[in-house]
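A short write-up of the structure that comes next.
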Amino acid sequence: MQVLNWIPQRHRRRGEVEAFIRRVYHERYDAQVSSFPPCLAVRYSPLNEIVCAAGIRTARQGFFSEVYLDQPVDRRLSGLAGVAVDRDAVFEVTTLASRSPLATAAFIEQIGAHSEAAGFDWGFFTLSATMRFLIERQRRALIVLAPADPRRLPDAADWGAYYEQDPEVCAVASTRLAGLATSKHEESHAHAG
Numbered sequence: 001m002q003v004l005n006w007i008p009q010r011h012r013r014r015g016e017v018e019a020f021i022r023r024v025y026h027e028r029y030d031a032q033v034s035s036f037p038p039c040l041a042v043r044y045s046p047l048n049e050i051v052c053a054a055g056i057r058t059a060r061q062g063f064f065s066e067v068y069l070d071q072p073v074d075r076r077l078s079g080l081a082g083v084a085v086d087r088d089a090v091f092e093v094t095t096l097a098s099r100s101p102l103a104t105a106a107f108i109e110q111i112g113a114h115s116e117a118a119g120f121d122w123g124f125f126t127l128s129a130t131m132r133f134l135i136e137r138q139r140r141a142l143i144v145l146a147p148a149d150p151r152r153l154p155d156a157a158d159w160g161a162y163y164e165q166d167p168e169v170c171a172v173a174s175t176r177l178a179g180l181a182t183s184k185h186e187e188s189h190a191h192a193g
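Structure representation (structure tokens):
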């Protein structure tokens, strides 16, 4: 199994990882990614080439995808999942870039496992329809928090065709919370219907 690597700001390969993310987003969406969080996660091939990379944010750094929400992510999750959510127990995956769908699934699982081991209960991200399908195939219950509306961004044009991919802000519970959060979410939808 390939190892998940963490790339802080002063890491010797930081520029290479940022360039990979920029290149993938430019080639796929004609997007111009201009900023990155302090921590990046990366997965290398056996030949030491980047296969997948993403930004990782915690509450301390601020959450990029909250721009799409009408309330802070912890409050939105608490309301939808029916359980109290601690903001410091939430992490965000941003600018996920990959050259391989199969590697992407394993990469996402590795990020989730590492984050859960570090004490995080929830992960959230803005996902295209393709990425949502990929995660749901892993039998992970996604909770949709909101559509990703580009009108909420001051630099929406920089993201090229990304918003044509039907992105939504989604969350997933850690494995220790998954059953509780999923049943509460389904219960709240049943009462709403």
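30 is the number that our numbering gives to position 30 of the sequence shown; each next residue is one higher, with no gaps.
Built from N, CA and C at the ideal position, the CB exists for glycine as well.
Since this is a predicted model, take the numbers as computed values, not measurements.
Return the first residue and the last residue of the alpha helix (DSSP H) that residue i is part of.
i, result
"S115", "101-117"
"A156", "Note, A156: premise wrong, no alpha helix (DSSP H); not H, not E."
"T129", "In the sequence on display, residue 129 carries Ala and not Thr. 129-137 is the extent of the alpha helix (DSSP H) around A129."
Determine the DSSP secondary structure at residue i, reduced to helix, strand or coil.
i, result
"R75", "helix"
"L69", "coil"
"A81", "helix"
Which one or two residues does DSSP pair with residue i in a beta bridge?
i, result
"G123", "F91, V172"
"I7", "L40"
"A97", "A53"
"A146", "V169"
How many angstroms separate the CA atom of residue i from the CA atom of residue j?
i, j, result
"A156", "P150", "5 Å"
"A129", "P167", "6 Å"
"A97", "R76", "26 Å"
"L142", "D158", "27 Å"
"A59", "A105", "25 Å"
"L40", "I111", "11 Å"
"S188", "R57", "Its pLDDT being 43, under 50, S188 is placed unreliably in this model, and the value from its coordinates should be taken loosely. Cα to Cα, S188 sits roughly 29 Å from R57."
Practice prompt. Jot down the residue ranges of each uninterrupted beta strand (DSSP E) in the stretch 14-72, minimum 3 residues, whole runs only, in chain order.
Written response: 39-44, 50-58
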